[in-house]
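In this note's numbering, the protein residues as written are 172 to 327. Everything below concerns the one structure shown next.
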Ligand code: FES
Ligand code: FES
């Protein structure tokens, strides 16, 4: 079937099979390789992207469900003036990246959560920031620096 949706600000129409997963549409069809395939069973968050403001696991989401929606992947963050989004800058500043495999997922989850908090004028506690990232696993950092980075997003 044909689906029409926006990805990283650009509107596109694609013919997709009903069982195609969003991660495969993004990585294989659209060649956006920043979204990472980890467990492929909804456990690790490496494949997180933002759909209509919510961070979702793209390995557990059918591509047909983005019809009429807006998708943002890690490639959609930043612009010519500021190539790194604030969340990415904080990850770098706080040393929240080691091998980097979990990083796009961590960034997209933090981006969705912080955008919502900011829209509602909320500054979350460290515990709330931690909880917002509980679906994202990292095998390298021990999490503290990632949480530091995600908390620092609210400084600006
Ligand atoms: S690859 Fe999707 S949650 Fe792990
Ligand atoms: S930095 Fe390696 S998995 Fe998180």
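Ideal placement from N, C-alpha and C gives every residue a C-beta, glycine not left out. Quantities reported herein were computed from a predicted structural model and do not represent experimental measurements.
Residue 275 counts as buried, since at least 16 other C-beta atoms from the protein chains shown sit within 10 angstroms of its C-beta. By the Cβ neighbour-count rule, residue 315 is exposed, with fewer than 16 other Cβ atoms within 10 Å of its own. Counted as a single uninterrupted DSSP element, the alpha helix (DSSP H) harbouring residue 283 occupies residues 274–290. For residue 226, the pairing in a beta bridge is given by DSSP as 221. When 201, 193, 186 are compared, the shortest CA-CA separation from residue 213 is found for 193. Remark: C-beta atoms of residue 179 and residue 243 approach each other more closely than 9 Å. A Cβ-Cβ distance of about 5 Å is found for the pair residue 221 and residue 283, placing them in contact under the 8 Å criterion. Proximity to residue 268 across 279, 317, 234, 301 peaks at 317, based on C-alpha coordinates.
Sorting 292, 290, 277 by C-alpha distance to the C-alpha of residue 302 places 277 at the top. For residue 228, the CB contacts under 7 Å within the same chain, skipping 5 residues up- and downstream, are 213, 216, 218, 219 in chain order. Comparing alpha-carbon positions, the option among 262, 234, 305 lying closest to residue 184 turns out to be 234. Relative to ligand 1, even the nearest heavy atom lies 8 Å or more away from the CB of residue 202. Distances between the C-beta of residue 233 and the heavy atoms of ligand 1 are all 8 Å or more. Within the same chain, Cβ atoms closer than 8 Å to the Cβ of residue 195 are found at 234, the five residues on either side in sequence being excluded. Excluding its 5 nearest sequence neighbours in each direction, residue 261 has C-beta neighbours in its own chain below 6 Å: 320, 323, 324, listed in chain order.
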